[in-house]
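K.L.:
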Amino acid sequence: MFPEPTSEPAGSLRVLYVEDTHADADLAQRVLAGAAPDIVLDVVPSATAARARLADVPPPYELLLSDLALPDGSGLELLAEVRRQQLPLAVVLLTGAGDQVAAIAALKAGADGYLVKHGDYLAHLPDALHAAFTRFHELRRERAALRTTSEHLAYLLSASPVVLYTLRMHDGSLLPQWVSGNVESIIGSPLDEVLAPGWWLAHLHPGDRKAVLDAQARLLRDGRLEHEYRFLADDGRLLWLHDQLRVVRRDDGSPIEVVGTWTDITAHKRAELLEAARSSVLDRLVAGDALPLILEQVVQRLEQLEPAMRASILLLDEGTGRLTHGAAPSLPDYYREAVEQLQPMEGMGSCGTAAIRGDAVIATDVMCDPNWAPFRDIAARAGIRACWSYPFRDADGKVLGTFAVYFATPRAPDGALEAIIDEFTAITALAVQNVRATDALRQAAAVIESTRDGVMITDLERRIVSVNRAWCEMTGFPREEALGRAPRLLKSGLQNNAFYHRMWGQVMRTGYWQGELWNRRRNGELYPQWLSISTVYDDDRRPTHYVGVMTDISRIKQSEAQLEHLAHYDPLTDLPNRLLAQSRLEHAIELAARQRSCIGVLFIDLDRFKTINDSLGHRAGDEALLAASQRLKRCLREEDTLARWGGDEFLVVLENLAKPDEAAHTAQTLIDQLREPLHLADGQTVYLGASIGISVYPQDARAAAPLIQQADTALNQAKVQGRNIYRFFTEAMGQAAQRHLNLARRLREALDHGGFALHYQPQIDIASGRIAGCEALLRWNDPEEGLVPPGRFIAFAEESGLIVQIGEWALRTACRQARQWADAGLPPLHVSVNLSARQLWQADLPERIGAILEATGLPPQSLELELTESMIMGHEPQAVEQLGLLRRMGLRLAIDDFGTGYSSLSYLKNLPIEVLKIDQSFVRNIPQDRNDREIVAGIIALARKLNLAVTAEGVETPAQLAFLAEQGCDSYQGYLFSRPLPAAEFEKLLAR
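With the working numbering applied, the sequence shown corresponds to residues 550 to 1541, in that order.
1) From the DSSP output, in three-state form, read off Asn1126 for me.
2) Look up Arg767 in the DSSP assignment and say whether it is helix, strand or coil.
3) Mind checking Glu1204: buried by the 16 CB within 10 Å criterion, or exposed?
4) Taking Ala585 and Pro675 to be in contact with their CB atoms under 8 Å, please state how far apart those CB atoms are, rounded to whole angstroms.
5) Counting beta carbon pairs with one atom in the region 928 to 942 and one in the region 967 to 983, are three or more of them shorter than 8 Å?
6) Given this structure, state the Cα-to-Cα distance separating Gly1523 from Leu1378, to the nearest angstrom.
7) For the candidate residues Asp1210, Arg1180 and Val1235, whose alpha-carbon lies nearest to that of Ile1220?
8) Please name the residue, chosen from Ser1527, Ile1444 and Pro1529, that lies closest to Ile1488 on a Cα-to-Cα basis.
9) Count Cβ pairs between the region 1189 to 1201 and the region 1148 to 1163 that sit closer than 8 Å; are there 3 or more?
10) In the structure shown, what three-state DSSP assignment does Ile1488 receive?
11) Bridge partners for Gly622 per DSSP, in chain order?
12) Sort Pro1311, Val1353 and Ala1400 by Cα distance to Pro1376 and report the nearest one.
13) Within 8 Å, do at least three Cβ pairs link the region 1201 to 1218 to the region 1137 to 1144?
14) Where does Asn1068 land, buried or exposed, given buried means 16+ other C-beta within 10 angstroms?
15) Just to confirm before moving on: does the CB-CB distance between Gly1406 and Arg1368 stay below 7 Å?
16) Where does the unbroken beta strand (DSSP E) through Gln1312 begin, and where does it stop?
17) Using alpha carbons as the reference points, say which of Leu1237, Ala1169, Thr1262 and Arg1058 lies closest to Phe1152.
18) Please classify Gln1431 as buried or exposed, where buried requires at least 16 other C-beta atoms within 10 Å of its C-beta.
19) Going by alpha carbons, who is nearest to Pro620 out of Ala1176, Asp569 and Val593?
20) Name the two residues that bound the continuous alpha helix (DSSP H) containing Asn1265.
21) The beta strand (DSSP E) that contains Cys917, what's its start and end?
22) Looking at the structure shown, is Ile843 part of a helix, part of a strand, or coil, going by DSSP?
23) Kindly provide the ranges of any beta strand (DSSP E) runs that are 3 or more residues long and lie completely inside the region 974 to 1012, ordered along the chain.
24) Who are Val640's beta bridge partners in DSSP?
25) Cutting at 8 Å between CB atoms, please list the residues of its own chain near Ile1320, excluding the five before and the five after it.
26) If we count the other Cβ atoms within 10 Å of its Cβ and call it buried at 16 or more, is Cys1364 buried or exposed?
27) Is Ala928 near Val910, with beta carbons less than 7 Å apart?
28) Please report the straight-line C-alpha distance between Pro1426 and Gly1433, rounded to a whole angstrom.
29) With a threshold of 8 Å on Cβ separation, who are the neighbours of Asp1331 within its own chain once the five nearest residues in sequence on each side are excluded?
30) Comparing C-alpha positions only, which one of Glu821, Leu671 and Leu628 sits nearest to Ala660?
31) With a CB to CB cut of under 8 Å and the five nearest residues on each side skipped, what residues in its chain are close to Ile523?
32) Extract the residue ranges of the beta strand (DSSP E) inside the region 1115 to 1196, only unbroken runs of 3 or more that lie entirely within it.
33) Can you tell me which of Asp771, Arg786 and Gln765 puts its alpha carbon nearest to the alpha carbon of Glu1545?
34) Quick one: Cα of Gly1283 to Cα of Gly1335, how far?
35) Ordered along the chain, which non-local residues of its own chain (more than five positions away) have a Cβ less than 7 Å from that of Ile1401?
36) Give the DSSP bridge partners of Asn1383, in chain order.
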């Protein structure tokens, strides 16, 4: 838009004059120069030249003066271009004499003036130009003002809830003529559609159509009409419109048009319907109607409010935790059956998901909503495309169920409609809570009468007005004897008046008291009672009654005493348990600190108890434990504590010791007592012993936990040194225990962070000289110590149980490596892996090994397991079964370090062994040592007789190899051929 100029030009009036006759142009310039020097003419000869001058924005002229007839067009064409481009120019056209038609055409086309070229027209030219300029800009200002007014009116209408419209009469019918622009924001239809014939009738609600059309018949008769009806918007919304119409007539009374307004009263109507729904629900609640009837009416009223919507209510069953049918009158039976007993959980439609989340779940389109995946088929069958589900809650925020609405087309959330649904959800919650509360009151009355707690109700004067059956049974007073009397008839006399004064003072202040007291039954018996007194208030918070609920806690008191004993005493021996022993030791330390005395802590472990348990059974073991505890107790003073620590372990706390030697004397007494035979009830005689560890306060520690730990450490040392002895804790023991703890930590870290590795030592076939296999040997690269020899940690790992995890890692790693070598096309070989004792006696060992072989892809015949003789001795029957399972899997089994343990021909005969490995201690001194030569020769000969293969370990010299070959040994391993190598180096060796 161009800026608005003033009505008079500043300084001069610049005029572009289009004139192809040079003489006329020159004459006009001379006349104006003399008569109107403020008018500056810029003359161009053609329309083309004029267009070029007007191309600047804004144009440098205030007025265009043009001859009507131009050599390259006409002044009318130039006028049309100026007006089309909305150039801020007044336009005056010059016409020939008598050309009145052209003058009129110029004015119609928007010219601001015209002048006929004849006679002294130039004398009138200045006035004509000034008048045209003034008229153009006054008209421009008026148009701008009108535009501002129109825009303001449009703005007001856009913000107004009222739509204005007019209807015209045509052949006796009313047709839309004009409607205000805010119709699209209120009704939702574009303006051009609203003005189309038949639009209004098509959107009129079918249920209101007849009444509305009948009312319109009165419009022309009465001249005005005011009515309300429902209207269906294009987006599916239901609107309520208040329609006011008035007929505008001519002077003769004939109608010209109809002027009307539509006011959106949907919110008002909804409020009316909501209030009606609330009133209806309250009326039904007062009438005591059943919950299903109330819920069905709630749903029906919402569906009346929004006909495009169907609704349902699901209730959360407190017993099953599932959603069950409440009301859904417009949904088909098969759909209700499909969602009956719906589990509240993610992905179970909108309702199941809303119930578990506790928040609304909106499925704009159920066909692509993931929560509706299990229900899409039945939703399609029921004509459901959108579902909004809202959980409703009780006053405590607990979800009671879900209120859901369904649409036949995809539907995004609508704030106004959601507000209505929230209201109906609140009405539903009110109905469910009230009905359930009423039911609960009925149930409460029945419960009070049948409960095992005594219930007594008094008035404000504390006279008994009601008691239940349990109260009568508890007190011994019949109901008739109790009514009207004061509760003091139950007083035991054990609580004084001050107690009751405080009790009733609290009831008056807070409305509640509870506590324990003693009462007296009718027969005089005293009994403990837990009593709760509550004040009952009316709706105005004024007290009306007192309710006392009482429980006879005689048995609870007895049970508490029993539980207290069980919590601190061992059920078998009736000795203090670990918890009480620690508490007594802590108390003893406090006394000793004040009295500056000593305390001895004795940790006792019964020797040979496991043998009794395993051979005679747990009943005999329990009898032996009980007898042992009684002997120990007889040897101690009254102030000493003997506790069962757990299993076959006991703890003794000796207080008030003058010197540590007293603890040693007591320990030796206990050991001597337990050496004596025990005679069991079944006539069996058993023998026990005891190992004892001793720590002393304050020399060894000043707190209970370290004293017990140090006594345990000393106990371990006593067991290592032969059992049936006692040992005092020393600093060296503590350091050794700390080293063990540190070693366990580092071994676990090695397992977790790849600190272990396997090295592989070749096993050479003596006859061919080729590598026939290898033994996987464990190596530990410790960040603190570097490479740690196996002898430093294998025994500890076995003792601590870590060997199971380490061994399984080694087995898996070796199998995976052997498979990789096979896949690389290297010569076939078997890999030998050492099996620990703990691994061997795992019940699921065959399954574990099978899983490793399957995971790594190694054939069973390529795996050899090495066992030691000590693992098998004493367990031959179990070993035959376990090793048989492994052999049937196709594995090779070897006895490692043969000859160093309890070599037995019977297990060689019975066990499915294939290989004997001669320990390197027999090979080391061959051929110098005659005994070693004979032992090795004997082992090889024995293996030949039993069809077993023989592998010699630790072969380091050619002489040793020559002797083994001469005796018929099958294979060997040792530094003569190669030390154990990392996998990469072994692979290079294998590839040569």
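Glycine included, C-beta positions come from ideal geometry on N, C-alpha and C.
P.N.:
Taking the structure as given:
1) coil
2) coil
3) buried
4) 4 Å
5) yes
6) 17 Å
7) Arg1180
8) Ile1444
9) yes
10) helix
11) Leu619
12) Pro1311
13) yes
14) buried
15) yes
16) Phe1305 to Asp1314
17) Thr1262
18) buried
19) Asp569
20) Ala1253 to Val1269
21) Cys917 -> no beta strand (DSSP E), and no H or E assigned at all.
22) helix
23) 1003 to 1007
24) Leu613
25) Pro1311, Gln1312, Ile1313, Asp1314, Pro1376, Leu1378, Leu1538 and Leu1539
26) buried
27) no
28) 11 Å
29) Arg1295, Ala1299, Gly1304 and Val1337
30) Leu628
31) An answer regarding residue 523 cannot be provided, because it is not within the stretch 550 to 1541 covered by the chain.
32) 1147 to 1156 and 1190 to 1195
33) This structure leaves residue 1545 out entirely; the chain is present only between 550 and 1541.
34) Because the pLDDT of Gly1283 is 48, which lies under 50, any placement of that residue in the model is unreliable, and the number read from its coordinates should be weighed accordingly. Answer to the nearest angstrom: the Cα atoms are 24 Å apart.
35) Leu1360, Arg1361 and Cys1364
36) Glu1415
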